[in-house]
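**Q** Protein chains in written order, with the working numbering: chain A, 1 to 772; chain B, 1001 to 1208.
Glycine is no exception: its CB is placed at the ideal position from the N, C-alpha and C atoms.
1) Counting only C-beta atoms, is residue 1011 of chain B closer than 8 angstroms to chain A at any point?
2) Taking all protein chains shown into account, do 16 or more other C-beta atoms lie within 10 angstroms of the C-beta of residue 533 of chain A, making it buried, or fewer, making it exposed?
3) Chain A beta carbons: is any one of them nearer than 8 angstroms to that of residue 1014 of chain B?
4) If distances are taken between C-alpha atoms only, which option among B/1054, B/1044, B/1059 comes closest to residue 638 of chain A?
5) Could you tell me the distance, in whole angstroms, from the CA atom of residue 1073 of chain B to the CA atom of residue 1052 of chain B?
6) Any beta carbon from chain A within less than 8 angstroms of residue 1205 of chain B's own beta carbon?
7) Helix, strand or coil for residue 136 of chain A? Go by DSSP, reduced to three states.
8) With residue 1039 of chain B as the anchor, note down where its alpha helix (DSSP H) starts and where it stops.
9) Please name the residue in A/443, A/448, A/487 whose C-alpha comes closest to that of residue 463 of chain A.
10) Which class does residue 1158 of chain B belong to by DSSP, given the choice of helix, strand or coil?
11) Please confirm if the region 484 to 502 of chain A is in contact with the region 437 to 447 of chain A, defined as three or more CB-CB distances below 8 angstroms between the two stretches.
12) Which ranges would you report for the beta strand (DSSP E) in the region 656 to 719 of chain A if only whole runs of at least 3 residues count?
13) Residue 643 of chain A lies in the alpha helix (DSSP H); which residues open and close that run?
14) Counting only Cβ pairs nearer than 7 angstroms, list the residues of chain A close to residue 1085 of chain B.
15) Would DSSP call residue 767 of chain A helix, strand or coil?
16) What residues match up with residue 422 of chain A in a beta bridge as DSSP calls it?
17) Where does residue 1096 of chain B fall in DSSP's three states?
18) Please classify residue 400 of chain A: is it buried, with 16 or more other beta-carbons within 10 angstroms of its beta-carbon, or exposed?
19) Could you pull out every residue in the same chain whose Cβ sits closer than 8 angstroms to the Cβ of residue 691 of chain A, ignoring the five residues on either side in sequence?
20) Taking just the CA atoms, how far does residue 1033 of chain B sit from residue 1182 of chain B?
21) For the candidate residues A/233, A/761, A/606, whose alpha-carbon lies nearest to that of residue 189 of chain A?
22) Using 8 angstroms as the limit for Cβ to Cβ distance, is residue 675 of chain A near chain B?
23) Please report how far the alpha carbon of residue 59 of chain A lies from the alpha carbon of residue 49 of chain A, in whole angstroms.
24) Could you give the first and the last residue of the continuous alpha helix (DSSP H) run that contains residue 546 of chain A?
25) So, at 7 angstroms on beta carbons, what are the nonlocal neighbours of residue 679 of chain A in its own chain, with the 5 sequence-adjacent residues on each side left out?
26) Using a Cβ-Cβ cut-off of less than 7 angstroms, give me the residues of the region 573 to 599 of chain A that come near chain B, in sequence order.
27) If I measure Cβ to Cβ from residue 557 of chain A and keep anything under 7 angstroms in the same chain, skipping five residues before and after, which residues do I get?
28) Contact between the region 357 to 364 of chain A and the region 280 to 298 of chain A: three or more CB pairs below 8 angstroms?
29) Nearest-angstrom Cα distance between residue 459 of chain A and residue 513 of chain A?
30) Give the single residue among A/693, A/696, A/674, A/734 whose Cα lies nearest to the Cα of residue 706 of chain A.
31) Who are the neighbours of residue 1092 of chain B on chain A, taking C-beta pairs under 9 angstroms?
32) Measure the CB-CB distance between residue 231 of chain A and residue 266 of chain A and report whether it falls below 8 angstroms.
33) May I ask you to report which of helix, strand or coil DSSP gives residue 256 of chain A?
34) Rounded to whole angstroms, what's the CA-CA distance from residue 51 of chain A to residue 284 of chain A? Just pull it up for me.
35) Please return the same chain residues whose Cβ sits closer than 6 angstroms to the Cβ of residue 1017 of chain B, not counting the five positions on each side in sequence.
36) Please determine if the region 661 to 677 of chain A and the region 1004 to 1013 of chain B are in contact, where contact requires at least 3 C-beta pairs separated by less than 8 angstroms.
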């Protein structure tokens, strides 16, 4: 194989190859390289490599230095100066020729399509070593000749070493005379099995029958070069799709001396092409308007669906960047253009919603168009690909939703409650007009602020944040979905009572919270006024009740007074005698003191019951309360001939409450019981009072009488204000008693006894030491 | 007549009042028995002596007024002095109608009470004397024959023997014998004496 042969082979290779000499100047180029740079291979010679690519000179020289040094295939990549910085992978092979100066040694550059960038190159190290040894033995002149020879040899070796192509030579009759590694790899035959054989052995029988081999050689001989893509047969009988370039080799005199054949296995490429074709057709016919754009924003493909929808032809679409915009709705054009070009120029792609006219009926329908950039392995923008999806129906739904949202917003805004929404991060996302009013922040100011730092007084903020986090972690929110009263904070720092209901809603994966808040300052004030009034009413009622007891109470006080007076009289009488009985005197005086104390006790008890004071809560023993009231009513009970039994265990927990008010309730119940038994003559009049722990854990008191009981009609009404069965009753007793018990967190109710009379029950929560 | 010392019964639910009253009444040399409830009193033995009850209107169980009624029903005719801490008019009217000798309000004036007690005891003495006389007359009356019992009311009504005989359809002579026997059996000194006895025995005269 001569240098010329090799040059021809190189020239026949479909891949661009450059031979770079000193200073990275092109010293040789094949026609494929010329085509790549849109010039002739001859014109490339003499041009610096830098001028062919746009990459940094430093990067280029670094790469070439590497190539020269290693003699191995060095993968790399450049951007060609032609056709928009087309990226190109390359393999540089160095260590060629040389005057001992590596800096100046030649470099073969194979410029490859990107996907084949990692084709392995044979190592040339060993060959290079031989070369140097030979060179040492030669004279200067010989060296010059050797150099040429070396080059030839080198090329031959390169060819032989090329593994990705089958390269072999035929004599004029078509018999194989050389066989490289690539050929062995491609066909599966070692050199010894094929040398001297006719090359038709690689053709399928049907091609041979049709004389394909002869035709091919004839046309190569005539045209100088042929290229074909056909099926070839391997040693194992399998077929592969091959590209074959056959070049006629003639000696300087023009005599045909043989053919070179370069065979590439295209099976993979074929498969890739088929896949690509499939992909392209998928893309083309996919049920979505799909398209691709060059980095400049010029469409270079649009799917059938888009073409059918818009009525545009592919040529028209690809003719100009804004051709597709012809079907844009006039109202959307400015915005769409702006979004489009911003996305193209920034390289980030774009997303836009715009109306496009449907060719079939002229209706504009909303489309969502998205273009995303495609980058190569080195991050360079290759294309934009995208789709336009008809979202008109969605949009309509959205519009309806938006209308309904708007309506909701109007409702929310005009609501009497403040409506505030918050996201899972605790940030305010919604703030209605009423919220503006009661908290002093405008919607614009409030939205985006941290809720806890906007309306929650500082002392509750931590609790709020902890509660929020706990809810997000566990899903437990004790304050959710119930009405609670809490303090809120106005923008000016003022705290005021609010009523709050919080609900949590899961939106997708995130929680959102909505709160309905109401300023209850006025209500609180009214409640306080009402409470004062109720307390006053209770007091008045108490006065009336005690008034009913006047006779009994007077008796209670009068009895000890009577004893005092009589004892005093006795003393006077004894003292006026000659020999007073001192023992008798002493006893009388002691009795006077006792009785006086007792009268004083009664008066204190009455005073406590009648004094006008604000309710005071204290832990109280229910048994004590009952016993004190019984002491006041003892006389009343005895005069009405009612016998009293009590069952008041002292071990019960205490209750928290106002002594006077609770005694009022007990007094009321006792007087009612006495009243109920007033007309009973056929059975004992018995009042039973007992206390116990109710199953709910509350303390329960029961007042049982053996009276006439309620008549069924009044049973439901006995707790109503102004309902009375007594001729002189106000009808406030039970009504007030119930409101007192309920204000203490308890309940008061009546229940008929199985035999006679009624039991009145009331419960009160037990007092616990711990602060709630 | 019994010679037992007069006794005052005190009924008050208030022990201190009982104690004070006992002291007061004893200081004038009278016997005192105190009770804090009506049943206690009813169950207690009562000495056969002039006595009276100092009774509180308000008593547990059986009230003073109830007790008064009970006593009357049981024909226990002891004078009652009512005391009350809180007397009202209807209550005192009822008490007085039922025969109370006095109605005093607490605190009591010692002298008022002691006077009332003396009065009551005096009344009881008289009552007891009267009752003893009636009892004697009743036993005498029991000695009369049925015919003599028939004649007695006619005699005390001042009828002559002749009139009585005509009334009874018998002879004047027989009536004369009956009159003599009645006067004798009743130990009457005169017809006027017999008339007083008949009054004590609540025998109505035939004319009235």
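**A** Judging by the given coordinates:
1) no
2) exposed
3) Chain A, which has a Cβ nearer than 8 angstroms to the Cβ of residue 1014 of chain B, makes this yes.
4) Cα-wise, what sits closest to residue 638 of chain A is B/1059.
5) One C-alpha to the other measures close to 17 angstroms.
6) no
7) Note that residue 136 of chain A scores 49 on pLDDT, short of 50, meaning its location in the model is unreliable; the coordinates nonetheless yield the value given after this. If DSSP states are grouped into helix, strand and coil, residue 136 of chain A belongs with the helices.
8) 1038 to 1043
9) A/487
10) It is coil, neither helix nor strand.
11) yes
12) 686 to 693, 699 to 705
13) Segment 643 to 647 is the beta strand (DSSP E) holding residue 643 of chain A; no alpha helix (DSSP H) there.
14) 554, 555, 558, 559, 562
15) coil
16) Answer by DSSP bridge pairing, in chain order: A/428, A/513.
17) helix
18) With fewer than 16 other Cβ atoms from the protein chains shown falling within 10 Å of its own Cβ, residue 400 of chain A counts as exposed.
19) 622, 623, 626, 647, 648, 649, 652, 699, 700, 701, 702
20) In this structure, the CA atom of residue 1182 of chain B is about 45 angstroms from the CA atom of residue 1033 of chain B.
21) A/233
22) Taking 8 angstroms as the CB threshold, residue 675 of chain A stays off the interface with chain B.
23) 12 angstroms
24) 521 to 548
25) 708
26) Listed in sequence order: 573, 574, 584, 588, 591, 594, 595.
27) 599, 602, 603
28) Result no; under three Cβ-Cβ pairs closer than 8 angstroms.
29) 21 angstroms
30) A/674
31) None at all; the shortest Cβ gap to chain A is about 14 angstroms.
32) no
33) strand
34) 39 angstroms
35) none
36) no
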